[in-house]
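Below is one structure, written out as structure tokens; the observations come after it.
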Amino acid sequence: MERLRKIGLSALILFVSGQIAFAQTPPKPEINPEDLIERLFPIPEDDIDYESIYEVLLQLYLNPINLNRADYESLQASYLLNPNQIESFFKYRDQHGDLISLYELQAIPEFDPVTIERLLPFVTLEEKNQRIKSFWQRLSEEEQAYFIFRHRRVWEQRRGFSPADTSSTGRIATRYLGDPNDLYLRFRIQHARDFSLGFTLDKDAGEQFTWDPTTRRYGFNFFSFHFHRYKVGKWKTLALGDFQASFGQGLVYGAGYTLGKGAETVPTVRRSSVGILPYTAALEFGFFRGAAATYQHRKWEFTALASFAPRDGRTREALDSLEDTNNLISSFNQSGLHRTPSELATKNQFRELSLGGAIQYKPVSRAQLGATFLHTAFNRAWIPQQRRYNQFEFRGRSNQLGSFYFNYNWKNFLFFGESAFSASGGNGTVIGMISSLSPKVDFSLLWRNYGKNFHSFYGNAFAESTRPINERGVYMGLEVRPDKKWKLNAYYDFFRFPWLRFRLYNPSTGYEWLTRLSYRPSRTLNAFVQFREEQKDRNLPDLNEPATPYRSQAIKRRTGLLNLDIQLTNNLFTRIRIWWTGVNFGSNSSNGFMIIQDLRFAREKWKITGRYALFDTDDFDSRIYAFENHVLWTFSIPAFSGQGQRYYLLGEYDLSRKLRLYFRFARTSFTDREKISSGLQEIQGSRQTETTLLLRYYLNR
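Structure, rendered in structure tokens:
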């Protein structure tokens, strides 16, 4: 009877919504990376690792969530639903059983059309029992098996690619070792909750394409490989090759999965324990290389990992007999660039051994408890040169780190936290909550405290800085939906740095707030206005005053954004965006302005996206970041400063069922300079032109 009742309910929903009564699944819209980024990504800054965040998010969303098997953690990790909607979903599923159609989402209280539309690309009800086939047969027949080849190049000659000349000292000036072509090759075959196998090859512009085992270069400069199996008996995950880990709130294992402060002001403050993840990015740091496994037994999960990975770093000789006679590591090289002899000398200079794991326990479906541990050892001592600001930074050959964390859902409240301790005696703590105070109001609160001697190499917790160290702060986020057309997002974050920082030689405080008011009267029109203000301290320029060698002053940056999206027809989309910035630093002030016009026209087999933008800023402090459409799974948020124009054209075309072509032409033309950039990146001229070509080939389509 229950099954018949559900079929009748589903049929009624289909009838009311004007759909075909026998449809089991509504047409799935394609994932729009731009909308995803606009909603989830942090406010653009120089020191954020966008590429890694984008890659992890993309892989999560490429594996759709089975709503009939989903638990609290998987829905919370997606950032697609607020606590009230998650609670409503599980109440509905508990009362009525499994969903038989995605149209049934319309019957769940708190699920409005906008939420359902946003949810559809990332969820499924299908449970294909492929396990009756052998693993090798499933692997050979998998549709999600593809090759990607990408070529990028800046066509104006940079100084680093010009013929070497002789400097005034008589020595030959440094130049790049390789050509200006940026090459990227990826293979990936995956099936959600079954397996994932792939490799990534990458050569940056300026790097040599060469076979040189002495420098561990085998054609491409970087090679990454992974092989993951899921749900093999009681083994939840088995991983070989390159991988990342995410547990708790990211104090020990952060996996590059840090969204932080952005226009989505409530759910993104919380990290998720998604466990072991394949590493598929081309960044040459921040991942483990070895093996990992997660064993599931009733309400317990046990994860163990072992990694022995090469790392880039600069070496220096021991300064006295008290230091190790071997070369010391004075700094890490996290750029991944090996274009010059100096950069190449940093490649794989030391080895990093990592041994660790995690234990998770779910006493009930709404609660999760866990503990983590990570031991890291280097084959050379890491001794950075002594500076005023880095007295409490890590020094030595090994580090140990452990933590305890929890998550608990109570009605419309989600409580979470983690506390970690490093061998140095430092500790870090994050405690927060997310709540739906009413069907129209969501609220988040987070407090963090990271000691100045808290050392976590893979930590990526919520922080104003790029690392969870030397910081205290309180964040409050709010989302208000007075009706279906209007939405208000806002946050306020107050932070304090108890010790000195790079280029800031005194303890300091700061704050940041953002407000965004959105208006969406229909599916074809979306508008919002956004304001943001941030204040931090910065060292004043050296005034050669011995009595006060280090002085700082607050720098305040204000940003405004006006956005209008219009879906003119089913095939034609346009966007108008206006940016404004204002910066005050002491008696100096500067401003910036940018206006953007986007157009997108799509047909069944092809799509064209274009942009024309004008920008005018007084200096680099008043620069403006603007997200740009790019070829498949390629990320771009460039910063614009000075005066000029920016335009690009992106085309996509299906050459066949298996092969899709992407091509992008982009150019920036300046009106206030005759050269661009500096050093080996310098271009003599006022414009910079870049092309990108990408081919994606599916093996089994």
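Going left to right, the sequence shown walks through residues 3 to 703 as the numbering used here numbers them.
Ideal Cβ positions, reconstructed from N, Cα and C, are used throughout, including at glycine.
(1) Considering Tyr507, what are the terminal residues of the beta strand (DSSP E) in which it resides?
(2) I'd like the list of long-range same chain contacts for Phe595, defined as Cβ closer than 6 angstroms, with 5 residues on each side in sequence excluded.
(3) Across the stretch 296 to 310 and the stretch 564 to 584, are there enough close Cβ pairs to call them in contact, namely three or more that are closer than 8 angstroms?
(4) Which residues in the same chain as Gly315 place their Cβ atom closer than 7 angstroms to its Cβ, once the five residues preceding and following it in sequence are excluded?
(5) Tell me the residue span of the alpha helix (DSSP H) that contains His98.
(6) Identify whether Val116 lies in helix, strand or coil by the three-state DSSP scheme.
(7) Please go through the same chain and pick out, in chain order, the residues whose beta-carbon is closer than 6 angstroms to the beta-carbon of Glu345, but skip the five residues on each side of it.
(8) Go ahead and label Leu696 buried or exposed: buried means 16 or more other beta carbons lie within 10 angstroms of its beta carbon, across all protein chains shown.
(9) I need the DSSP call for Gly681, collapsed to helix, strand or coil.
(10) Return the CA-CA distance between Leu1 and Phe249, expressed in angstroms with no decimal places.
(11) Assess, as a yes-or-no matter, whether the stretch 353 to 361 is touched by the stretch 370 to 381 under the definition of 3 or more beta carbon pairs within less than 8 angstroms.
(12) Would you mind stating whether Tyr407 and Gln246 have Cβ atoms separated by less than 8 angstroms?
(13) Rounded to whole angstroms, what is the Cα-Cα separation between Thr511 and Asp184?
(14) Which term fits Thr468, buried or exposed, when burial requires 16 or more other beta carbons within 10 angstroms of its beta carbon?
(15) If we ignore side chains and look at the alpha-carbon of each, how far apart do Gly200 and Leu307 end up?
(16) I need the straight-line Cα distance from Phe290 to Ile471, nearest angstrom please.
(17) Ignoring anything shorter than 3 residues or poking outside the stretch 614 to 677, list the beta strand (DSSP E) runs there in chain order.
(18) In whole angstroms, give me the CA-to-CA distance for Glu606 and Glu144.
(19) So, helix, strand or coil for Gly200, using DSSP?
(20) Would you list, in sequence order, the uninterrupted beta strand (DSSP E) runs of no fewer than 3 residues that lie entirely inside the stretch 134 to 172?
(21) Would you mind sorting Gln555 into buried or exposed? The rule is 16 or more other CB atoms within 10 Å of its CB.
(22) When DSSP labels each residue in this structure, what does Tyr700 get in the three-state scheme?
(23) Taking the straight line between their C-alpha atoms, what separation do you get for Thr571 and Leu527?
(24) Cα separation between Arg666 and Val633?
(25) When you compare each of Asp539, Arg390, Ser164 and Ser437 to Gly681 by their alpha carbons, which one comes out closest?
(26) Could you tell me if Gln78 is buried or exposed, where buried requires 16 or more neighbouring beta carbons within 10 angstroms of its beta carbon?
(27) Alpha carbon to alpha carbon, how far is Tyr220 from Asp204?
(28) Taking the straight line between their C-alpha atoms, what separation do you get for Arg341 and Leu179?
(29) Alpha carbon to alpha carbon, how far is Phe394 from Glu128?
(30) One question on the structure: do Leu519 and Val531 come within less than 8 angstroms of each other, judged by their Cβ atoms?
(31) For Glu182 and Thr670, what's the separation of their Cα atoms in angstroms?
(32) Give the secondary structure of Leu77 by DSSP, where H, G and I count as helix, E and B as strand, and everything else as coil.
(33) Can you find the residues in the same chain that come closer than 8 angstroms, C-beta to C-beta, to Leu324, ignoring five residues on each side of it along the sequence?
(34) Can you pull the DSSP bridge partners for Val254?
(35) Three Cβ pairs or more, each shorter than 8 angstroms: is that satisfied between the stretch 232 to 244 and the stretch 485 to 492?
(36) Does the Cβ of Gln97 have 16 or more other Cβ atoms within 10 Å, making it buried, or fewer, making it exposed?
Judging by the given coordinates:
(1) As a position in the sequence shown, residue 507 is number 505, starting the count at 1. Where Tyr507 is concerned, there is no enclosing beta strand (DSSP E), given that its DSSP letter is neither H nor E.
(2) Taking the sequence shown and counting its residues from 1, one reaches residue 595 at position 593. Once the five neighbours on either side are set aside, the close Cβ partners of Phe595 are Trp582 and Asp618.
(3) no
(4) As a working note, residue 315 is residue 313 in the sequence shown. Excluding sequence neighbours, Gly315 sits near Ile331, Ser333, Phe334, Asn335, Thr348, Gln351 and Phe352.
(5) Within the sequence shown, numbered from 1, the residue matching residue 98 stands at position 96. Unbroken alpha helix (DSSP H) run through His98: Pro85 to His98.
(6) Within the sequence shown, the letter at position 114 stands for residue 116. In the structure shown, Val116 sits in a helix (DSSP, three-state: H, G or I).
(7) As a first step, residue 345 is located in the sequence shown; it is residue number 343 there, counting from the start. Excluding residues within five positions, the ones whose Cβ falls inside 6 angstroms are Leu339.
(8) Taking the first residue of the sequence shown as position 1, residue 696 is located at position 694. Per the 10 Å Cβ criterion, buried.
(9) Translated into positions along the sequence shown, residue 681 becomes position 679. Residue state, collapsed to three classes: helix.
(10) Residue 1 falls outside the range modelled here, since the chain spans only 3 to 703, and no answer is possible.
(11) yes
(12) For the purposes of this step, residue 407 is identified with residue 405 of the sequence shown, where counting begins at 1. For the purposes of this step, residue 246 is identified with residue 244 of the sequence shown, where counting begins at 1. Their beta carbons are not under 8 angstroms apart, which means Tyr407 does not touch Gln246 by this criterion.
(13) Along the sequence shown, one-based indexing puts residue 511 at 509. Along the sequence shown, one-based indexing puts residue 184 at 182. Approximately 41 angstroms, taken between the alpha carbons.
(14) As a working note, residue 468 is residue 466 in the sequence shown. When all chains shown are included, Thr468 counts as exposed.
(15) The residue given as residue 200 occupies position 198 in the sequence shown. The residue given as residue 307 occupies position 305 in the sequence shown. Using only the alpha carbons, I get a separation of about 20 angstroms.
(16) As a position in the sequence shown, residue 290 is number 288, starting the count at 1. As a position in the sequence shown, residue 471 is number 469, starting the count at 1. Cα-Cα distance, rounded: 21 angstroms.
(17) Secondary structure in the stretch 614 to 677: the beta strand (DSSP E) runs of 3 residues or longer, each lying completely within the stretch, are 645 to 656 and 661 to 672 in chain order.
(18) Residue numbering aside, residue 606 sits at position 604 when the sequence shown is read from its first letter. Residue numbering aside, residue 144 sits at position 142 when the sequence shown is read from its first letter. Approximately 24 angstroms between the Cα atoms of the pair.
(19) The residue labelled residue 200 in the question sits at position 198 within the sequence shown. Three-state DSSP puts Gly200 in a strand.
(20) 147 to 156
(21) Residue numbering aside, residue 555 sits at position 553 when the sequence shown is read from its first letter. Gln555 comes out exposed.
(22) Position 698 of the sequence shown, counted from the first residue, corresponds to residue 700. Three-state DSSP puts Tyr700 in a strand.
(23) Taking the sequence shown and counting its residues from 1, the one referred to as residue 571 is at position 569. Taking the sequence shown and counting its residues from 1, the one referred to as residue 527 is at position 525. Computed Cα separation, rounded: 11 angstroms.
(24) The residue given as residue 666 occupies position 664 in the sequence shown. The residue given as residue 633 occupies position 631 in the sequence shown. Between the alpha carbons of Arg666 and Val633 lies a distance of about 7 angstroms.
(25) One-based indexing of the sequence shown puts residue 681 at position 679. For the residues Asp539, Arg390, Ser164 and Ser437, the minimum Cα distance to Gly681 belongs to Ser164.
(26) By 1-based counting over the sequence shown, the position of residue 78 is 76. By the 10 Å Cβ count, Gln78 comes out buried.
(27) Taking the first residue of the sequence shown as position 1, residue 220 is located at position 218. Taking the first residue of the sequence shown as position 1, residue 204 is located at position 202. Distance between the alpha carbons of Tyr220 and Asp204 is about 11 angstroms.
(28) Reading the sequence shown from its first residue, position 339 is the one you call residue 341. Reading the sequence shown from its first residue, position 177 is the one you call residue 179. Rounded to whole angstroms, Arg341 to Leu179 spans 6 angstroms at the Cα level.
(29) Mapped onto the sequence shown, residue 394 falls at position 392. Mapped onto the sequence shown, residue 128 falls at position 126. Taking the straight line from one Cα to the other gives about 52 angstroms.
(30) The count along the sequence shown starts at 1 and reaches residue 519 at position 517. The count along the sequence shown starts at 1 and reaches residue 531 at position 529. Yes; because the gap between Cβ atoms is below 8 angstroms, this pair is in contact.
(31) One-based indexing of the sequence shown puts residue 182 at position 180. One-based indexing of the sequence shown puts residue 670 at position 668. Note on identity: in this sequence residue 182 is Pro, with Glu being the wrong assignment. Distance between the alpha carbons of Pro182 and Thr670 is about 18 angstroms.
(32) Translated into the one-based positions of the sequence shown, residue 77 becomes position 75. Leu77: helix per DSSP, three-state reduction.
(33) Looking up residue 324 in the sequence shown gives position 322. With a pLDDT of only 49 at Leu324, under 50, the local geometry of the prediction cannot be trusted, and no value is derived from it.
(34) Here residue 254 refers to the residue found at position 252 when the sequence shown is read from its first residue. Partner(s): none; Val254 has no beta bridge.
(35) no
(36) The residue given as residue 97 occupies position 95 in the sequence shown. Exposed, since its Cβ has fewer than 16 Cβ neighbours within 10 Å.
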